[in-house]
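For the first sequence, position 294 (counting from the first letter as 1) is numbered 294 according to the UniProt record's numbering, and the numbering increases by one without interruption.
Read the structure below first, then the notes.
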Amino acid sequence: MLAIQLLREKKDWVIARLSVKHFTQTHLIDEILQLDEQRRQWITEHDQLQNLRNTASREIGQLMKAGNHAEAAQKKQQVAEWNEKINALKNQLDEIEQKIQQLLLQLPNLPHESVPAGESAADNVIIRQGGSWPTLPENALPHWELASRYDLIHFDTGTRLTGSGFPVFKGAAARLERALIQYFLDYNTRAGYVEYLPPLLVNAQTAFGTGQLPDKEGQMYFIPEDQFYLIPTAEVPLTNIYRDSILQPEQLPIKMTAYTPCFRREAGSYGKDVRGLNRVHQFDKVEIVQLVHPDQSYQSLDEMVAHVEGLIQSLELPYRIVKLCGADMSFTSALTYDFEVYSAAQQRWLEVSSVSNFETFQTLRMKIRFRDGKQTRLVHSLNGSSLALPRILAALLENNQQADGIHLPAILHPYTGFTRIG
RNA sequence: GGAGGGAUGGCAGAGCGGUCGAAUGCGGCGGUCUUGAAAACCGUUGUCCGUCAACCGGCGGACCGGGGGUUCGAAUCCCCCUCCCUCCGCCA
Numbered sequence: 001m002l003a004i005q006l007l008r009e010k011k012d013w014v015i016a017r018l019s020v021k022h023f024t025q026t027h028l029i030d031e032i033l034q035l036d037e038q039r040r041q042w043i044t045e046h047d048q049l050q051n052l053r054n055t056a057s058r059e060i061g062q063l064m065k066a067g068n069h070a071e072a073a074q075k076k077q078q079v080a081e082w083n084e085k086i087n088a089l090k091n092q093l094d095e096i097e098q099k100i101q102q103l104l105l106q107l108p109n110l111p112h113e114s115v116p117a118g119e120s121a122a123d124n125v126i127i128r129q130g131g132s133w134p135t136l137p138e139n140a141l142p143h144w145e146l147a148s149r150y151d152l153i154h155f156d157t158g159t160r161l162t163g164s165g166f167p168v169f170k171g172a173a174a175r176l177e178r179a180l181i182q183y184f185l186d187y188n189t190r191a192g193y194v195e196y197l198p199p200l201l202v203n204a205q206t207a208f209g210t211g212q213l214p215d216k217e218g219q220m221y222f223i224p225e226d227q228f229y230l231i232p233t234a235e236v237p238l239t240n241i242y243r244d245s246i247l248q249p250e251q252l253p254i255k256m257t258a259y260t261p262c263f264r265r266e267a268g269s270y271g272k273d274v275r276g277l278n279r280v281h282q283f284d285k286v287e288i289v290q291l292v293h294p295d296q297s298y299q300s301l302d303e304m305v306a307h308v309e310g311l312i313q314s315l316e317l318p319y320r321i322v323k324l325c326g327a328d329m330s331f332t333s334a335l336t337y338d339f340e341v342y343s344a345a346q347q348r349w350l351e352v353s354s355v356s357n358f359e360t361f362q363t364l365r366m367k368i369r370f371r372d373g374k375q376t377r378l379v380h381s382l383n384g385s386s387l388a389l390p391r392i393l394a395a396l397l398e399n400n401q402q403a404d405g406i407h408l409p410a411i412l413h414p415y416t417g418f419t420r421i422g
């Protein structure tokens with residue numbers, strides 16, 4: 001959510017920034033400002049009346065004590081009149097505040113100055129590319145075929161147990177999945193991230209805090225009886241841990257990591273995008289989150305990018321880092337880098353991580369501040385995958401297939417207990 | 001799920017319906033003392049909104065789990081919800 005104060009002070013600049021995200025409903029801003037004007041006027045009137053009432057009530061108390069009931073009754077009469085106005089104003093205020101809030105929620109986050117507008121994902125900027133291209137045997141298979149050849153992942157069984165997009169991992173695949181989680185968490189905690197194991201179900205307030213509600217309601221699984229949402233990413237519970245708090249500056253930066261399963265409805269997806277592990281409804285992911293001083297958040301973003309890059313490098317996968325253009329960025333982000341690994345057998349890039357700075361877009365909703373001298377200021381929140389498992393697993397299987405099986409990168413050997421599948 | 005008790009400032013813990021944003025203690029911050037520290041003593045200590053000044057800050061309003069109600073006036077009385085504790089039931 002954008003601060004209304006920003007709209008008041010730098011409206012034109014805000015509109016220019018929003019245009020980079022191809023957001024054109026600038027009339028919303030005018031509406032907001034108009035309503036805000038009205039709101040402040042009403043607040044002033046409301047508060048003045050309350051002031052009158054407070055004074056009169058105190059006087060009534062004195063009069064009663066002095067036994068002057070006649071004058072007290074007269075004042076009561078007067079207060080009753082004010083009360084009517086106060087209540088009317090209060091109702092108007094509640095209504096207008098709700099309206100403003102609702103409009104404010106329709107404004108996406110401002111993209112960072114360095115973000116190009118672009119027209120589509122094709123205009124994303126490739127920052128750098130790394131890792132070495134694998135040389136595959138002639139009859140290289142996509143991971144879903146490798147999965148059945150080596151008895152690793154059962155998509156059809158998952159469909160029978162639940163529905164499509166809920167794969168069952170078996171034997172070496174299950175072990176490899178667990179090994180990756182363990183390795184990723186070790187890698188993150190070694191870099192100073194504190195490990196958490198958060199709830200997988202959250203309430204509406206929590207889902208609102210990170211921006212899943214109201215924007216992406218249909219993306220989340222929902223349990224009506226308890227009004228709980230299944231988390232689409234660990235970002236949601238992790239970032240909300242510090243909701244409604246005022247931090248000491250020396251507590252920053254706060255670095256958190258967690259492994260969780262993630263649940264996404266992914267309505268409307270089809271075709272090769274959803275083949276195999278490319279897109280599933282339940283998957284494992286290790287996430288990193290940072291809450292940082294606003295002056296340092298872009299440094300932190302670079303640090304997180306380097307962190308994730310190091311992790312992918314250690315897995316010996318070919319990758320590239322892409323800076324998203326305005327047209328492809330999420331509603332909540334100010335700057336996002338996507339990490340993609342090349343899946344040789346499918347001959348396509350698969351997104352395995354997305355690292356973003358949200359600046360104050362989330363922390364305003366969550367009221368996460370820090371003490372800056374005499375005042376409080378919002379911290380910046382950032383997060384990234386480190387890493388999303390299914391596509392990493394797909395790339396590992398595909399890129400490392402040889403005639404005699406799948407050779408795992410050395411870094412994983414201590415975690416898996418085996419070096420080769422097949 | 002059933003019965004009872006509770007929810008107050010960073011923490012602990014008071015609070016006859018009016019002068020309570022809220023006693024007291026601890027903690028924090030500043031100071032006196034000290035070579036330094038501790039102790040002692042003195043002072044200070046929340047958040048949000050509006051408004052004026054726009055450097056400090058002044059003024060007004062709101063906030064005692066959340067929401068409604070009674071009243072001229074509610075932390076204090078009533079109702080609903082949530083959460084916590086104790087007991088019973090169920091259960092990994």
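Ideal Cβ positions, reconstructed from N, Cα and C, are used throughout, including at glycine.
Please read these numbers as outputs of a predicted model, since none were measured by experiment.
Could you check if residue i belongs to the surroundings of the ligand FMN, using beta carbon to heavy atom distance under 6 Å?
| i | result |
| --- | --- |
| residue 314 | For the structure depicted, the ligand FMN is absent and the ligand set is empty, with no information on it obtainable. |
Of the choices the options, whose alpha-carbon is the least far from that of residue i?
| i | options | result |
| --- | --- | --- |
| residue 264 | 250, 205, 131 and 164 | 164 |
| residue 346 | 136, 176 and 191 | 136 |
| residue 1 | 70, 111 and 24 | 111 |
| residue 114 | 421, 359, 334 and 352 | 334 |
| residue 96 | 199, 39, 107 and 133 | 39 |
| residue 223 | 203, 317 and 375 | 203 |
| residue 185 | 248, 68 and 311 | 311 |
| residue 218 | 267, 411, 260 and 236 | 267 |
| residue 375 | 246, 210 and 207 | 246 |
| residue 414 | 30, 94, 175 and 78 | 175 |
| residue 353 | 405, 338, 366 and 134 | 338 |
| residue 394 | 67, 419 and 317 | 317 |
| residue 126 | 212, 323 and 379 | 323 |
| residue 143 | 368, 379, 377 and 344 | 344 |
| residue 187 | 67, 309, 419 and 154 | 309 |
| residue 350 | 201, 417 and 396 | 396 |
| residue 221 | 209, 200 and 355 | 200 |
| residue 209 | 417, 367 and 377 | 367 |
Ignore the nearest five residues each way along the sequence and tell me which others in residue i's own chain have a CB closer than 8 Å to its CB.
| i | result |
| --- | --- |
| residue 49 | 82, 85, 86 and 89 |
| residue 128 | 320 and 321 |
| residue 46 | 86, 89, 90 and 93 |
| residue 227 | 203 and 204 |
| residue 98 | none |
Between residue i and the rest of its own chain, which residues show a CB-CB distance below 6 Å, the 5 nearest in sequence each way excluded?
| i | result |
| --- | --- |
| residue 255 | 192, 193 and 290 |
| residue 325 | 116, 118, 123 and 124 |
| residue 361 | 109 and 332 |
| residue 330 | none |
| residue 381 | 239, 291, 358, 362 and 363 |
| residue 234 | 258, 260 and 287 |
| residue 182 | 415 |
| residue 398 | 143, 343, 344 and 345 |
Cα separation between residue i and residue j?
| i | j | result |
| --- | --- | --- |
| residue 197 | residue 52 | 53 Å |
| residue 41 | residue 8 | 15 Å |
| residue 179 | residue 195 | 16 Å |
| residue 230 | residue 214 | 15 Å |
| residue 74 | residue 44 | 26 Å |
| residue 373 | residue 243 | 21 Å |
| residue 148 | residue 18 | 47 Å |
| residue 348 | residue 342 | 6 Å |
| residue 65 | residue 72 | 10 Å |
| residue 304 | residue 315 | 17 Å |
| residue 379 | residue 370 | 6 Å |
| residue 273 | residue 121 | 15 Å |
| residue 12 | residue 24 | 13 Å |
| residue 160 | residue 154 | 10 Å |
With a threshold of 7 Å on Cβ separation, who are the neighbours of residue i within its own chain once the five nearest residues in sequence on each side are excluded?
| i | result |
| --- | --- |
| residue 158 | 166, 167 and 168 |
| residue 423 | Lying outside 1 to 422, the shown extent of the chain, residue 423 is not represented and no answer is given. |
| residue 57 | 79 |
| residue 454 | This structure cannot settle anything about residue 454, because the visible part of the chain is limited to 1 through 422. |
Can you tell me the Cβ-Cβ gap for residue i and residue j, rounded? I've got them flagged as a contact below 8 Å.
| i | j | result |
| --- | --- | --- |
| residue 401 | residue 141 | 7 Å |
| residue 238 | residue 391 | With 8 Å as the limit, residue 238 and residue 391 do not qualify as a contact, their Cβ atoms being about 21 Å apart. |
| residue 422 | residue 411 | At roughly 20 Å, the Cβ-Cβ gap does not stay under 8 Å, so residue 422 and residue 411 are not in contact. |
| residue 27 | residue 327 | Wrong, their Cβ atoms sit about 21 Å apart, outside the cutoff. |
| residue 313 | residue 131 | 7 Å |
| residue 15 | residue 4 | Going by Cβ atoms, the distance from residue 15 to residue 4 rounds to 15 Å, so no, they are not a contact pair. |
| residue 252 | residue 307 | About 17 Å separates the two Cβ atoms, so there is no contact after all. |
| residue 212 | residue 232 | 6 Å |
Are the region 28 to 40 and the region 95 to 112 in contact at 8 Å, needing three or more beta carbon pairs? Pairwise C-beta distances place the region 28 to 40 in contact with the region 95 to 112, as three or more of them are shorter than 8 Å.
State whether the region 280 to 289 contacts the region 378 to 389, with contact taken as three or more CB pairs (one from each stretch) at a distance under 8 Å. yes
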